[in-house]
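Here is the structure we will look at.
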Amino acid sequence: MKHLTVYFLLALQGVLFSFSLSAATPQNAIAYHDGNVRFSVLTDGVIRMEWSPSGSFTDDPSFVAIHRNLPVPKYTVQNKNATVVISTARMKLKYKKGQGPFTKDNLTITSAKGMFPFQWTPGTIQKGNLKGTDRTLDGFEGDHNIYSHQDMKLEDGLLSTDGWTLIDDSKNFLFDNSEWAWVKEREHKDGQDWYFMAYGHDYKAALKDFTVFAGKVPLPPRYAFGYWWSRYWSYSDKEMRQLVDNFHTYNIPLDVLVVDMDWHYTDPGFGGWTGWTWNRRLFPDPAKFLGYLKSNDLKITLNLHPADGVAPYEEKYPEMAQWMGVDTAKQERIPWVVSDKRFINGMFNKVLRPMEKQGVDFWWLDWQQWMYDKKVDSLSNTWWINYVFFSDMERNRDTRPMLYHRWGGLGNHRYQIGFSGDAVISWKSLEFQPYFTNCASNVLYGYWSHDIGGHMFKGGDKEILDPELFTRWMQYGALTPVMRTHSTKNSVLNKELWNFKGDYFEALRNSILFRYQLAPYIYTMARETYDNGISICRPMYYDYPEAKEAYDFKSEYMFGDQILVAPITTPMQNGLSTVKVWLPEGNDWFEWTTGTLLKGGQIIERSFTLTEYPVYVKAGSVLPLYNRVKNLNSNSEEIIVNIFPGENGSFTFYEDNGNDKYYANEYARTRMYTERKENHLTVTVGPRQGKYRNMPTDRQFKIKVLGSAIPETITINGNRAEYEYIGDELALLITIPQTACDQEKTIEIQYSTSIPELNDGIVSQFKRFSKAITALKYRDAGIVLTPTMGATEATSIALTYSPERFNELIETFKRNYSQMPEMLKEQKLNEANSQWFMKAIGWKK
Numbered sequence: 001m002k003h004l005t006v007y008f009l010l011a012l013q014g015v016l017f018s019f020s021l022s023a024a025t026p027q028n029a030i031a032y033h034d035g036n037v038r039f040s041v042l043t044d045g046v047i048r049m050e051w052s053p054s055g056s057f058t059d060d061p062s063f064v065a066i067h068r069n070l071p072v073p074k075y076t077v078q079n080k081n082a083t084v085v086i087s088t089a090r091m092k093l094k095y096k097k098g099q100g101p102f103t104k105d106n107l108t109i110t111s112a113k114g115m116f117p118f119q120w121t122p123g124t125i126q127k128g129n130l131k132g133t134d135r136t137l138d139g140f141e142g143d144h145n146i147y148s149h150q151d152m153k154l155e156d157g158l159l160s161t162d163g164w165t166l167i168d169d170s171k172n173f174l175f176d177n178s179e180w181a182w183v184k185e186r187e188h189k190d191g192q193d194w195y196f197m198a199y200g201h202d203y204k205a206a207l208k209d210f211t212v213f214a215g216k217v218p219l220p221p222r223y224a225f226g227y228w229w230s231r232y233w234s235y236s237d238k239e240m241r242q243l244v245d246n247f248h249t250y251n252i253p254l255d256v257l258v259v260d261m262d263w264h265y266t267d268p269g270f271g272g273w274t275g276w277t278w279n280r281r282l283f284p285d286p287a288k289f290l291g292y293l294k295s296n297d298l299k300i301t302l303n304l305h306p307a308d309g310v311a312p313y314e315e316k317y318p319e320m321a322q323w324m325g326v327d328t329a330k331q332e333r334i335p336w337v338v339s340d341k342r343f344i345n346g347m348f349n350k351v352l353r354p355m356e357k358q359g360v361d362f363w364w365l366d367w368q369q370w371m372y373d374k375k376v377d378s379l380s381n382t383w384w385i386n387y388v389f390f391s392d393m394e395r396n397r398d399t400r401p402m403l404y405h406r407w408g409g410l411g412n413h414r415y416q417i418g419f420s421g422d423a424v425i426s427w428k429s430l431e432f433q434p435y436f437t438n439c440a441s442n443v444l445y446g447y448w449s450h451d452i453g454g455h456m457f458k459g460g461d462k463e464i465l466d467p468e469l470f471t472r473w474m475q476y477g478a479l480t481p482v483m484r485t486h487s488t489k490n491s492v493l494n495k496e497l498w499n500f501k502g503d504y505f506e507a508l509r510n511s512i513l514f515r516y517q518l519a520p521y522i523y524t525m526a527r528e529t530y531d532n533g534i535s536i537c538r539p540m541y542y543d544y545p546e547a548k549e550a551y552d553f554k555s556e557y558m559f560g561d562q563i564l565v566a567p568i569t570t571p572m573q574n575g576l577s578t579v580k581v582w583l584p585e586g587n588d589w590f591e592w593t594t595g596t597l598l599k600g601g602q603i604i605e606r607s608f609t610l611t612e613y614p615v616y617v618k619a620g621s622v623l624p625l626y627n628r629v630k631n632l633n634s635n636s637e638e639i640i641v642n643i644f645p646g647e648n649g650s651f652t653f654y655e656d657n658g659n660d661k662y663y664a665n666e667y668a669r670t671r672m673y674t675e676r677k678e679n680h681l682t683v684t685v686g687p688r689q690g691k692y693r694n695m696p697t698d699r700q701f702k703i704k705v706l707g708s709a710i711p712e713t714i715t716i717n718g719n720r721a722e723y724e725y726i727g728d729e730l731a732l733l734i735t736i737p738q739t740a741c742d743q744e745k746t747i748e749i750q751y752s753t754s755i756p757e758l759n760d761g762i763v764s765q766f767k768r769f770s771k772a773i774t775a776l777k778y779r780d781a782g783i784v785l786t787p788t789m790g791a792t793e794a795t796s797i798a799l800t801y802s803p804e805r806f807n808e809l810i811e812t813f814k815r816n817y818s819q820m821p822e823m824l825k826e827q828k829l830n831e832a833n834s835q836w837f838m839k840a841i842g843w844k845k
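Residue numbers for the sequence shown, in full-length UniProt numbering: 1 to 845.
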């Protein structure tokens with residue numbers, strides 16, 4: 001059997017950051033215990049199975065299982081002379097006593113009645129593992145490594161279509177009971193220490209169960225969900241200031257500024273890959289530089305390659321040498337040994353913490369040197385350094401700990417942000433990343449941070465940055481866990497948005513603005529990750545486990561509970577990208593960027609311009625969104641409650657302090673819901689429930705109804721209200737007077753009984769037609785539009801200016817658009833221009 005063997009698994013208390021050593025299972029959860037065997041029921045879907053030849057069992061927290069002292073689930077035990085049978089709501093375990101280690105001859109587990117059927121014995125081969133993730137995308141073009149010429153083999157994950165998973169924890173390290181829990185080896189390694197998970201096809205239940213005994217996914221600070229700028233480049237202080245100024249000039253939001261390794265000296269005799277001393281040639285006064293970034297509300301992270309230790313030329317070498325008892329006269333390098341607690345304490349106290357006090361918010365651990373610790377045999381450096389840095393932040397900060405680093409193995413979900421490494425710039429790489437990201441949720445590693453746009457060219461410096469590829473990667477990046485652009489030190493990899501023109505600039509900028517628009521929704525989904533172990537980007541089979549398409553459409557994914565994404569990963573043909581999309585049955589789906597309501601339960605081919613993207617919202621959804629924000633530092637921003645076409649919907653908006661460590665118990669929720677009755681729509685924003693530190697007492701809300709006609713009347717809490725109409729989006733916008741958050745707001749919207757069809761793609765037709773008219777003028781600068789052409793192009797703005805003409809304008813536009821060839825003939829366009837125009841708008845009869 002290819003078990004899910006767990007190596008070097010670290011875990012730590014999910015959120016209040018006090019590492020608990022009370023991992024011993026309560027006695028009433030131990031269903032059976034004899035001289036060599038112990039069975040403990042952790043949840044109704046998880047049983048711990050231990051066999052010890054010496055009769056000594058492990059109660060200390062292991063690197064994988066830190067929470068065994070749990071509420072005891074319901075179970076029954078039948079203890080007979082020769083066998084013991086333990087039954088829970090999900091499985092039945094049968095064990096023949098006194099027959100040595102667990103084998104297929106003495107141990108059987110079967111599924112409970114009503115679950116997806118399975119039968120397991122030790123040695124059973126798992127056939128349908130849905131995979132997890134891999135340590136890095138370094139050197140990969142798609143799933144193929146250009147250096148090793150090997151294809152990626154994703155590790156097995158926690159989920160399988162078989163309906164069960166076995167985790168072998170028998171040889172993993174343990175934590176000691178010191179104040180800062182540290183690694184220790186097991187005294188007895190000749191036993192069996194297994195965790196059996198039974199879940200059928202309820203994949204979400206399995207992930208939740210894993211967090212129960214292996215720890216939650218800590219909630220990152222809210223700023224982590226904004227835009228990160230990163231580039232491997234020897235920036236100077238002045239260049240960084242110019243960069244930040246350009247973000248302001250172009251009104252592009254920014255939350256995190258990543259400073260790659262050139263923040264420290266890199267030349268021989270001063271530094272190298274490893275460095276701990278600011279490069280004063282580039283940053284003459286690091287404290288003032290960091291202060292400038294702080295004055296711009298930015299969070300800062302610096303790149304570290306710590307493997308080479310501390311060299312004699314480092315500024316902090318004398319202090320570290322004294323701390324470690326090293327003779328400075330010998331000028332010996334102090335080696336990096338992450339398992340050495342004294343050394344690590346010195347690194348934090350003498351080297352890193354002073355920089356944190358100056359303004360460094362978290363660290364980028366760009367580890368890529370050697371895999372195992374130099375003192376503790378088989379201890380993964382990647383894994384242990386994650387624990388050390390994360391737990392140090394827990395112990396010494398009031399703000400939430402965060403780092404981004406490479407994947408170290410199952411259980412690494414406790415260290416949030418993953419740095420996926422140096423992927424090749426190509427369409428193949430873009431095509432692979434959605435699947436790679438989706439699978440990572442199967443091991444709860446749901447916060448991958450990719451080098452959006454790719455890291456390096458496969459063919460060297462002769463390549464150029466394909467603006468279409470970069471644009472589609474950015475559009476996908478806006479719908480990934482962490483939106484961070486990055487690239488290698490190459491002069492042609494200028495991913496600053498202001499280097500692009502026309503539709504490329506529009507699409508790139510809109511991708512970042514869309515990311516910020518989604519921030520309230522994304523942050524609410526991040527809370528779900530903490531509560532239930534369900535990542536923001538999740539495979540379709542979480543929600544549709546019995547649908548074959550959920551497994552076949554590997555790149556498609558749910559982005560939270562309400563949004564489906566079908567990424568564009570191939571170049572356009574004739575100005576349009578074509579995507580085959582599976583829309584699951586159970587509800588209809590609103591294609592957001594085109595304004596098209598589509599039936600669920602079908603596979604459909606859809607086409608998109610460069611500025612459009614395949615984002616589908618469950619019909620009737622209610623989503624709280626931002627409008628325009630500078631970044632995610634503020635917690636009192638205006639909320640636009642978006643109402644999507646469809647039946648009744650609801651959403652519970654989550655909020656907390658944003659960067660404190662008390663969110664487990666200090667947070668607030670606001671329920672928003674709709675009720676539709678014929679031509680009447682009621683929108684309710686309920687009273688906020690809960691509280692947290694520095695919570696705003698009131699907030700500005702607006703209601704935005706997409707695919708809306710002009711209403712006859714609107715009331716807010718019984719009082720007549722005005723509205724705006726946004727013609728380009730066919731959207732109704734209602735401003736609610738700013739009131740206390742603990743007060744309910746009820747909006748009543750009455751429509752006419754006569755409303756034309758609005759959700760058939762007319763929003764996309766508005767945009768495409770206007771862009772084509774502009775492009776046509778560049779083909780023929782002297783063109784004079786006919787009244788029909790001019791009126792058709794002006795329809796969306798006419799709706800904004802003259803909403804009382806709504807039905808007339810919509811019906812006229814539809815008629816003109818359906819007669820496009822005749823309208824172009826009336827415009828006296830030649831055949832070539834007519835054909836070009838219809839292709840540009842994607843016109844079909």
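Built from N, CA and C at the ideal position, the CB exists for glycine as well.
Look up residue i in the DSSP assignment and say whether it is helix, strand or coil.
i           : result
Thr-211     : helix
Met-456     : strand
Pro-61      : coil
residue 846 : Given that the chain is displayed from residue 1 to residue 845, the structure contains no residue 846 and the question cannot be resolved.
Met-838     : helix
Lys-350     : helix
Measure the alpha-carbon distance for residue i versus residue j and round it to whole angstroms.
i       : j       : result
Ile-762 : Ser-802 : 18 angstroms
Ser-441 : Tyr-504 : 31 angstroms
Leu-70  : Ala-31  : 14 angstroms
Gln-27  : Asn-177 : 21 angstroms
Lys-171 : Asp-698 : 54 angstroms
Lys-844 : Glu-748 : 38 angstroms
Leu-706 : Glu-591 : 11 angstroms
Tyr-195 : His-188 : 18 angstroms
Thr-83  : Tyr-95  : 5 angstroms
Ala-24  : Pro-737 : 54 angstroms
Leu-681 : Gln-750 : 7 angstroms
Ala-840 : Asn-510 : 20 angstroms
So if DSSP puts residue i in a beta bridge, which residue, or which two residues, is it bridged to?
i       : result
His-33  : Arg-38
Phe-653 : Thr-670
Pro-711 : Tyr-751
Lys-301 : Before going on, a small fix: residue 301 reads as Thr here, not Lys. Answer is Val-258, Phe-362.
Val-565 : Tyr-557, Val-615
Residue range of the alpha helix (DSSP H) that residue i falls in?
i       : result
Ser-295 : 286-295
Asn-396 : 381-396
Gln-738 : No alpha helix (DSSP H) holds Gln-738; the beta strand (DSSP E) holding it covers 731-740.
Met-823 : 820-826
Asp-245 : 237-249
Glu-528 : 519-532
Ala-798 : 795-801
Glu-468 : 467-477
CB-CB under 8 angstroms to residue i, same chain, minus the five flanking residues each way: which ones, in chain order?
i       : result
Asn-694 : Asn-635, Asn-657
Thr-437 : Trp-448, His-450, Thr-480, Pro-481, Cys-537, Tyr-557
Leu-21  : Here the model assigns Leu-21 a pLDDT of 39, short of 50, so the residue's position is not dependable and the matter cannot be decided.
Met-838 : Met-820, Pro-821, Leu-824
Ile-639 : Pro-520, Pro-624, Leu-625, Tyr-626, Phe-653, Arg-699, Gln-700, Phe-701, Lys-702
Over the uninterrupted beta strand (DSSP E) stretch that includes residue i, give me the two end residues.
i       : result
Lys-691 : 689-691
Phe-432 : Segment 427-440 is the alpha helix (DSSP H) holding Phe-432; no beta strand (DSSP E) there.
Excluding the 5 residues preceding and the 5 following residue i in the sequence, name in chain order all residues of the same chain whose CB lies nearer than 6 angstroms to its CB.
i       : result
Ser-230 : Val-258, Arg-484, His-486
Arg-333 : Gly-309, Ala-311
His-201 : Phe-116, Pro-545
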